[in-house]
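K.L.:
Could you have a look at this structure, given as structure tokens, before my questions?
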Amino acid sequence: MKTLAKTKIEAVLNQLAEKAEVYVPLKQGAISSFGVWSAAVSGENLALESLNTLMSPKSVVLPQTEKMYTFATSGQQAEVKEVCADSGERVIFGARACDTKSLNVLDEVFLTRGYEDAFYKARREKLTVIGRACAQPGPHCFCSSMGVDPLEPAGADVILYDAGEEFGWEPVTERGQALTNQLNEFLGDRELPKPSAAEFRTRVDIEGLPEKLNRMFAHPVWEELAAKCMNCGICTYLCPGCYCFDIQVKTRGQEGYRFRCWDSCMYPEYTQMAGGHNPRQSKHERFRNRFLHKLEFIHERYGTLGCTGCGRCVVMCPNGVNIVSIINRLREVDVDVR
Amino acid sequence: MSELTARVREIAKRLLDNQQVDVVFGWEKGTEPFSSTPVFIRRPEEAERLVFDEFCIHNLSTYLLDYRDGSEKIGIFVKGCDSRGVVRLLEDEQFTRERLYIIGIGCPGMKDPVAHALAASGLDGNQDTAGLSAKCRQCVHPNPVLYDELLGVQQEPHLRGERFAEVKQIEAMSTAERYQFFADIFSRCIRCYACRNICVACNCRRCIFEETRPQWVGRETNLADNMMYHVIRTMHVAGRCVECGECERACPVGIPLMLLNRKLIKDVNQLFGPYEAALSLEEGAKPPLSRYRTDDPDNFL
């Protein structure tokens, strides 16, 4: 097995950063996120010993705000000046299985079923993911319940195994192998034990849940569950698998640009229609959409769940909305109660 | 079970048994020792779910907005700041006093469930878990200002030191320093609108940030649009903020929103005061910026 001594991590990141934007888990004061590694970033801010970052790495492939194209108008005519699809090489270093699995969910949404999102594709095709086996889940983690193997980050090109002073380094795709060849001078070669299966404090049973939810759209339990939700966007924006965006425009004089930006099904404006009608008037309808989307609709369309059990929403909801408790309640209620 | 929890359950049960109210707003325990969460009790037998402990930090008055178009009678447990939230809604004519049965609790100061969850979670972020929550360390009005029934004991303000000390630090900065300070804090805003949604003073039916025709504030997450959002949000609650600190508590990226609110509290007091928002319910009373007087100062125009 290839190995990477932890003392050589910064050298490896520097090497990678010569050819690519390298995203690493960074402590950034009040927050943490996958930020770009550069000469200006101190190694002390590298958060490889922490469980995870507050903000997920989804912004590497789906930035919160992304310029799409610029245009100029002249009288009744408009002309596209430049399409801004960004196809630079990128590397994500040290993502956990919950976050890499979410990238797979985003891939399903943006690249399959007969529609390819050119902006997502441009970013995704040049992305290499160095995943990281996760042997010590936190108290709010429940990825194993959502069909994620924390020790084998799905969608990673290379998997790192923590073995104290060094990482085991295992390429699992051709892209990962190519990266390994590039970095050979930094890597050692010896057998290291792989971490064994992790103990999860938080577990939840989702067997049969998507099918049950298929019959629960009009169930009164949604009002009960939504009562303490205040319809802010924290959960959707911290979620590694929420991908909704809006397309908007900014103009100045005869010129302007179109951009897309994250949107949230928690916001009334999300479903506001041009004629003034809003099909999701109340907060429980918006709340219901979020959970049905994650646990039923995505499953129905792509055969996978929209939640990968990272636990960020559970930790950060100011009002204690907890998807694990919600799933438990959804399982327990009688589907035929009206 | 603490004595206060017992009293809270007893009162909720009584109010529901007597059909004096249709629903009681209180707190229940979540999945962890540090998680207390809002709960809405409709049946007397469910009153047993209620608790009152050191993690009941949420300002329940904001939830009244979910009920403003109904006619249901509501029993609500309020701490000092929450009771000012109720006054806010009554003054803003978003609710009527007749629909409320208010049970005040002298507040010993709360701990922050999210900060504790974050500290336990292993996620890197703002893990301020020492003693009282950040918002309660700034509290000057821990005792309910409006109630039908009162529990607990009279509390002293939890603030140690000077209320506007941090505001004065920012005021003392040079323009360039101050711009940098604001650029740093606003550049990390993710526009989740938690600060707006959790705010009892943000009670407009249609929020300016949701307007699309015209769109007053751009949706890009960049410094210019983020600053525009925050300037409008802060100015909108000027003279109306009840200092409950929920905006700052809810912010997932640690923006010191109360610093902005407190600057406006200080300014409104200086310019139009003496004024302290929502300290009592008086017929026809309006915050300074919601009324016009010919002797209003205008030297800042």
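So the sequence lines, in the order shown, correspond to chains A and B. Per this note's numbering, the very first residue in the first sequence carries number 18; after that it's consecutive. Per this note's numbering, the very first residue in the second sequence carries number 4; after that it's consecutive. Cβ coordinates follow ideal geometry from the N, Cα and C atoms, glycine included.
#1: Please list, in chain order, all residues of the same chain as residue 208/A whose beta carbon is under 8 Å from its beta carbon, the five residues on each side excluded.
#2: Alpha carbon to alpha carbon, how far is residue 115/B from residue 131/B? Give it in angstroms, no decimals.
#3: Report all residues from its chain with a CB closer than 7 Å to the CB of residue 214/B; omit the five preceding and five following residues, and keep chain order.
#4: Could you give the distance in angstroms between the alpha-carbon of residue 292/B and the alpha-carbon of residue 268/B?
#5: Note down the Cα distance separating residue 325/A from residue 257/A, rounded to an integer number of angstroms.
#6: What separation, rounded to the nearest whole angstrom, lies between the Cα atoms of residue 241/B and residue 234/B?
#7: Going by C-alpha to C-alpha distance, which of 73/B, 276/B, 295/B and 153/B sits closest to residue 97/B?
#8: Could you work out which residues of chain B lie near residue 339/A, taking near to mean beta carbons separated by less than 7 Å?
#9: Evaluate contact between the segment 156 to 165 of chain A and the segment 309 to 328 of chain A, counting only Cβ atoms and requiring at least three cross-stretch pairs below 8 Å.
#10: Using the three-state DSSP reduction, which class does residue 126/B fall into: helix, strand or coil?
#11: By alpha-carbon positions, which one of 62/A, 130/A, 91/A and 196/A ends up nearest to residue 317/A?
#12: Quick one: give me the first and last residue of the alpha helix (DSSP H) that residue 40/A is part of.
#13: Three or more C-beta pairs closer than 8 Å, one from the segment 13 to 23 of chain B and one from the segment 34 to 51 of chain B: is that the case here?
#14: Does DSSP classify residue 32/A as helix, strand or coil?
#15: I want to know whether the segment 165 to 181 of chain B touches the segment 219 to 231 of chain B - three or more CB-CB distances under 8 Å.
#16: What three-state label does DSSP hand residue 93/B in the structure shown?
#17: Can you name the start and end residues of the alpha helix (DSSP H) that residue 94/A belongs to?
#18: Tell me which residues of the segment 304 to 333 of chain A have at least one Cβ-Cβ distance to chain B shorter than 8 Å, keeping chain order.
#19: Mind checking the segment 256 to 269 of chain A against chain B and listing, in chain order, the residues whose C-beta falls within less than 9 Å of any C-beta there?
#20: Do the CB positions of residue 184/B and residue 173/B come within less than 8 Å of each other?
#21: Along chain B, in chain order, which residues have C-beta atoms closer than 8 Å to that of residue 7/A?
#22: Give the interface partners of residue 271/B over in chain A, defined as CB-CB distance under 7 Å, in chain order.
#23: Quick check: the segment 164 to 180 of chain A against the segment 111 to 123 of chain A, are there 3 or more CB pairs under 8 Å?
#24: Using the C-alpha atoms, what's the distance from residue 280/A back to residue 86/A?
#25: Using only the alpha-carbon positions, how far apart do residue 110/B and residue 280/B sit?
#26: Are residue 202/B and residue 249/A touching if we call contact CB-CB under 8 Å?
#27: Give me, in chain order, the residues of the same chain whose beta-carbon lies closer than 6 Å to that of residue 141/A; leave out the 5 immediate sequence neighbours on both sides.
#28: Helix, strand or coil for residue 302/B per DSSP?
#29: Given a limit of 8 Å on CB to CB distance, which residues of the segment 42 to 58 of chain A reach chain B?
#30: Below 8 Å on C-beta distance, what does residue 224/B contact in chain A?
#31: Report the three-state DSSP secondary structure of residue 240/B (helix, strand or coil).
#32: Measure the alpha-carbon distance for residue 99/B versus residue 254/A and round it to whole angstroms.
#33: If you count every other CB in all the chains shown that lies within 10 Å of the CB of residue 255/B, and 16 or more means buried, which is it?
P.N.:
Reading it off the structure:
#1: 18
#2: 8 Å
#3: none
#4: 12 Å
#5: 8 Å
#6: 11 Å
#7: 73/B
#8: 33 and 34
#9: yes
#10: strand
#11: 130/A
#12: Per DSSP, residue 40/A belongs to no alpha helix (DSSP H); it is in the beta strand (DSSP E), 38 to 45.
#13: yes
#14: helix
#15: no
#16: helix
#17: From DSSP, residue 94/A is part of no alpha helix (DSSP H) but of the beta strand (DSSP E) over 94 to 100.
#18: 328, 329, 331, 332 and 333
#19: 263, 265 and 267
#20: yes
#21: Here chain A has residues from 18 to 355 only, and residue 7/A is not among them.
#22: By Cβ distance, chain A contributes nothing, its closest Cβ being about 26 Å from residue 271/B, past 7 Å.
#23: yes
#24: 19 Å
#25: 19 Å
#26: no
#27: 78
#28: coil
#29: 42, 44, 45, 46, 47, 48 and 49
#30: 81, 82, 278 and 279
#31: coil
#32: 36 Å
#33: buried
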